[in-house]
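Peer 1: Here's a structure for you.
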Amino acid sequence: MTGHLGQAVAQALAKEGVSFRQLARRPHKVAPLPNTTIHQANYDRSLETQKALRGVDVLVMVSAHESLNRLEEHKAFIGAAKMSGVRHIIYTSFYQASPNSTFTLAREHAQPEAYIKENGLTYTFLRDNFYLDFWGDLGLKMVN
């Protein structure tokens, strides 16, 4: 939980007194919070990731950064979650996710959503849109 969204979720849960696990690729970068434990986990199906997920009932899965192998990473992580006994995944998807979408990000996020469903997990899909900082960055690039 080293990204902006993960940190915000972690802080909100900690503020409410919820006990939970913080998973991160680089655990040394995770801020310790009350009632939490920090575990190393990657977007893969490794034994280390499965061990970190064991005992987790509800998983908040923040989508990996865009990359050529993001779908494979998502599928591996979802598979590890299922193998570890996770029952519900809260996945950060994208607005109007659909295999038929004309917008690439919406099309790409439809695949992990389908995979979560195919694996029999219950789910909540958070279909956000572009963040405001994206438009500022885009404007700066256009000016330069």
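Numbering (the UniProt record's numbering), first residue to last: 1 to 144. Ideal Cβ positions, reconstructed from N, Cα and C, are used throughout, including at glycine.
(1) Please tell me whether R25 and N42 are closer than 8 Å, where the distance is taken between their beta carbons.
(2) What is the DSSP secondary structure of A64, counted as helix, strand or coil?
(3) Give the straight-line distance between the Cα atoms of V18 and T36, rounded to the nearest whole angstrom.
(4) Rounded to whole angstroms, what's the CA-CA distance from E48 to A76? Just pull it up for me.
(5) Using the Cα positions of Q11 and P34, report the straight-line distance between them to the nearest angstrom.
(6) Judging by CA-CA distance, which residue of K82, D44, A14 is the nearest neighbour of residue 159?
(7) With burial defined as no fewer than 16 other Cβ atoms inside 10 Å of the residue's Cβ, what is the status of Y91: buried or exposed?
(8) State the Cα-Cα distance for the pair Y123 and H88, rounded to the nearest angstrom.
(9) Check L33 in the structure and name its three-state DSSP category.
(10) Please report how far the alpha carbon of L59 lies from the alpha carbon of N119, in whole angstroms.
Peer 2: For this structure:
(1) yes
(2) coil
(3) 8 Å
(4) 13 Å
(5) 9 Å
(6) The chain is shown only over 1 to 144; residue 159 falls outside these bounds and no answer can be derived.
(7) buried
(8) 5 Å
(9) coil
(10) 14 Å
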